[in-house]
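Taken in order, these protein sequences are the chains called A and B.
With this note's numbering applied, the first sequence corresponds to residues 8 to 144, in that order.
With this note's numbering applied, the second sequence corresponds to residues 220 to 602, in that order.
One structure is given here, and the rest of the page talks about it.
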Amino acid sequence: MNEETTATARRISSIVMIVIIVVLALSLSALYQAYDMFINEDPTMGYYLLIGFIGLALSTYMLLQTRRRMRRFTLKTPPITTTITCSKCGFKNVRDFERGDFIFKKLDSCSKCEGTMTISAIYREVKEKGKEHKIFG
Amino acid sequence: MQFFANVAGLIHLEMLLLQIFPGDSISWIFQIFFSLLFVVFVFYGQRIQMYILIREIEGSLLRLKFIRDEGRKIALKTIKEIGKSEVDPAERVDQFLEYVTIRPQSMDPAGIVWKLEHVLDVREERFKDEVKIMAPAADETNINNLENTLEAAAALNMIYKIIRHFYILGKKTLSLYIIMQIQMILPLIMREAEAYASALKAFSYGQPIGDGAGALVAAKLMQGRRKRKIEKDCIVAKVPIEGRIAYVIKAEGPGGNVGKPGEAIKRVIEENDGKISTIIMIDAALKLEGEKPGEVAEGVGAAIGGPGTEQYKIEESILKYKIPINAVIIKEDIGDAVSPMRKKIFEATEVAAERVRRVIKERTKEGDIIIIAGIGNTIGVGQ
Chain A
8 MNEETTATAR RISSIVMIVI IVVLALSLSA LYQAYDMFIN EDPTMGYYLL
58 IGFIGLALST YMLLQTRRRM RRFTLKTPPI TTTITCSKCG FKNVRDFERG
108 DFIFKKLDSC SKCEGTMTIS AIYREVKEKG KEHKIFG
Chain B
220 MQFFANVAGL IHLEMLLLQI FPGDSISWIF QIFFSLLFVV FVFYGQRIQM
270 YILIREIEGS LLRLKFIRDE GRKIALKTIK EIGKSEVDPA ERVDQFLEYV
320 TIRPQSMDPA GIVWKLEHVL DVREERFKDE VKIMAPAADE TNINNLENTL
370 EAAAALNMIY KIIRHFYILG KKTLSLYIIM QIQMILPLIM REAEAYASAL
420 KAFSYGQPIG DGAGALVAAK LMQGRRKRKI EKDCIVAKVP IEGRIAYVIK
470 AEGPGGNVGK PGEAIKRVIE ENDGKISTII MIDAALKLEG EKPGEVAEGV
520 GAAIGGPGTE QYKIEESILK YKIPINAVII KEDIGDAVSP MRKKIFEATE
570 VAAERVRRVI KERTKEGDII IIAGIGNTIG VGQ
């Protein structure tokens with residue numbers, strides 16, 4: 008019952024990838040230049056440093072964007088549990104949901120006391136996210 | 220090799236600039252760069268913004284297309300599994316996904332409720348007939364579930380087509396306002412689409428959904444009592460609660476079904492000549508962000524959603540006999556309402572049943588006749 012369907016979005020064009028790689032290479036060379044200037048105590052080092060960082064930030068951002076576009080789409084089915092209870096002795100049995108299950112469906116007799124087993128609950132468990140609005144809660 | 224040639228070219232350009240602007244050449248480069256940037260943003264700023272927005276919509280549209288296709292696949296697979304049809308139902312499913320329902324004209328609003336109800340009845344009949352043709356081996360429960368599955372798939376198809384319409388229109392006209400409008404509401408639309416995608420799986424398997432919380436409370440209250448069919452797809456049980464006689468109403472499960480609780484309530488009121496002390500309606504209601512799912516709240520009024528025809532009928536009936544109406548609501552968001560019922564909401568149905576008992580004790584006297592109506596889609600909930 009727990010399934011996951013996936014699909015991949017379309018591929019990124021090679022021209023965009025080349026542009027990103029060129030910008031990345033140029034910004035790295037600018038950073039190296041800046042380091043070289045720092046060793047030689049050249050005051051114009053700051054410009055190269057700035058260009059290098061801007062280029063690096065831009066290319067990284069573009070690279071992340073393309074990765075986001077390429078990520079796989081998913082459609083998850085959460086696990087659903089069915090709880091079966093004996094109306095006589097209260098014996099409980101929890102299992103995965105099966106097609107045809109419904110709440111208050113009468114099933115076979117209880118293995119412990121021969122009482123009637125009934126589906127008492129069908130639900131999905133959700134993992135609660137830890138983040139909650141403490142100030143406005 | 221091409222890459223190294225590009226780098227060499229750029230270095231050559233830098234040398235050239237140093238020759239043209241001797242001295243503080245870097246300042247010159249920056250000056251030109253920022254001036255160019257300023258000019259570009261003055262003339263093309265809006266266009267750049269528009270392209271960014273279009274790209275964002277494009278990403279969401281791709282996801283919507285995937286969800287829509289997946290919805291169609293699930294619906295088709297379920298029909299083939301349950302229906303055991305000899306012919307391939309794919310073509311009929313595609314036709315179903317394109318069905319339209321035209322709302323009645325409201326220029327003269329008098330009598331529109333009945334017109335709308337009639338159109339919705341015809342639509343439901345038509346849908347059921349279609350499902351019977353597509354899945355001849357399906358029983359009544361499965362027909363209801365398949366109908367719900369197809370409706371969810373059709374809703375996903377419609378969402379995708381509307382967003383695609385605005386995306387193409389925006390690209391064609393290059394109107395920032397068309398693109399901005401759709402981009403601004405896109406997060407909400409995506410949430411709704413994801414919710415329908417979960418609903419689709421729940422409907423195809425016949426799992427109880429969050430919207431059925433009200434129906435589940437009613438089912439719990441009527442357990443072990445004799446039930447009879449009342450009006451379309453609704454059942455009623457006479458249950459003694461706290462010394463009062465309660466007529467508990469819900470849609471007939473376990474197939475996906477909301478019934479006509481408005482008609483059922485009207486019928487019970489008339490059977491008792493209007494001598495009803497109070498009506499208590501239990502339904503799932505949309506929560507506001509920040510509220511916890513499964514919170515139970517009380518109030519007054521007819522707690523029922525949908526197109527409004529059933530609410531109208533209930534309000535007409537209670538007005539005629541001046542019957543007080545109370546509401547007990549279980550809060551959840553749109554995702555929880557149409558996806559398989561989460562544990563918190565299942566547990567909240569116990570709390571809601573207790574609240575119903577408290578309302579009965581506080582608002583009525585022993586020997587009174589009351590109506591308790593559990594509203595919502597009863598898929599996966601028996602009685």
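We treat Cβ as the ideally placed atom computed from N, Cα and C, and that holds for glycine.
Residue 438 of chain B has a beta carbon lying within less than 8 angstroms of a beta carbon in chain A.
Residue 490 of chain B is classed as exposed because its beta carbon has fewer than 16 other beta carbons within 10 Å across all chains shown. By the Cβ neighbour-count rule, residue 529 of chain B is buried, with 16 or more other Cβ atoms within 10 Å of its own. Under the 10 Å beta carbon count, residue 376 of chain B is surrounded by 16 or more other beta carbons and is classified as buried.
Every unbroken stretch of the beta strand (DSSP E) spanning 3 or more residues and falling wholly within the stretch 94 to 131 of chain A is given here in chain order: 99 to 103, 113 to 116 and 123 to 131.
Taking 8 angstroms as the CB threshold, residue 600 of chain B lines the interface with chain A. Annotated three-state conformation of residue 24 of chain A is helix, per DSSP.
Residues of chain A whose Cβ lies closer than 9 angstroms to the Cβ of residue 480 of chain B do not exist; the shortest such Cβ separation is about 19 angstroms.
The beta carbon of residue 558 of chain B sits closer than 7 angstroms to those of 414, 417, 418, 421, 428 and 429, all from its chain and outside the five residues before and after it, given in chain order. For residue 128 of chain A, at least one C-beta of chain B is nearer than 8 angstroms to its own C-beta.
Contact annotation, residue 88 of chain A with residue 103 of chain A: C-beta distance approximately 7 angstroms; criterion of less than 8 angstroms satisfied. DSSP, read as helix, strand or coil, puts residue 476 of chain B in coil. Interface annotation, residue 84 of chain A: in contact with chain B, CB-CB separation under 8 angstroms. Cβ neighbours of residue 525 of chain B within its own chain (closer than 8 angstroms, five residues either side excluded): 477. Against chain B, the beta carbon of residue 22 of chain A has no neighbour under 7 angstroms; the closest one sits roughly 12 angstroms away. Check the Cα spacing between residue 459 of chain B and each of B/273, B/431, B/590 and B/403: the tightest is with B/590.
Taking CB atoms only, residue 132 of chain A has a neighbour in chain B less than 8 angstroms away. For residue 577 of chain B, the enclosing alpha helix (DSSP H) begins and ends at 562 to 582. If you check each beta-carbon in the stretch 560 to 582 of chain B against every beta-carbon of chain A, the ones closer than 9 angstroms belong to 560, 561, 562, 563, 564, 565 and 566. Note on the stretch 401 to 471 of chain B: whole beta strand (DSSP E) runs with a minimum of 3 residues are 446 to 449, 453 to 460 and 463 to 470, in chain order. Between residue 473 of chain B and residue 601 of chain B, the gap from beta carbon to beta carbon is short of 8 angstroms. Taking all protein chains shown into account, residue 435 of chain B has 16 or more neighbouring C-beta atoms within 10 Å of its C-beta and is therefore buried. Counting the other Cβ atoms within 10 Å of the Cβ of residue 261 of chain B gives fewer than 16, which makes it exposed. Looking from the CA of residue 108 of chain A, the closest CA among B/484, B/407, B/360 and B/278 belongs to B/360. Between residue 332 of chain B and residue 531 of chain B, the C-beta spacing is below 8 angstroms. Residues of chain B whose Cβ lies closer than 7 angstroms to the Cβ of residue 112 of chain A are, in chain order, 601.
When Cβ pairs closer than 8 angstroms are counted between the two stretches, the stretch 405 to 414 of chain B is seen not to touch the stretch 62 to 74 of chain A, the count staying below three.
Ranked by Cα distance from residue 380 of chain B, the first of B/556, B/367 and B/408 is B/408.
Here the stretch 538 to 552 of chain B lies against the stretch 493 to 503 of chain B, with 3 or more beta-carbon pairs under 8 angstroms apart. Under the 8 angstroms Cβ criterion, the stretch 445 to 452 of chain B does not count as touching the stretch 390 to 402 of chain B, having fewer than three qualifying pairs. The closest CA to that of residue 597 of chain B, considering only B/556, B/324, B/393 and B/516, is found on B/556. Close CB contacts of residue 371 of chain B within its chain, under the 7 angstroms cut and outside five residues either way in sequence, are with 290, 415, 418, 419 and 422 (chain order).
B/351 is the residue among B/351, B/578 and B/347 whose C-alpha sits nearest the C-alpha of residue 305 of chain B.
Under the DSSP assignment, residue 555 of chain B falls outside any beta strand (DSSP E), being part of the alpha helix (DSSP H) whose first and last residues are 553 to 557.
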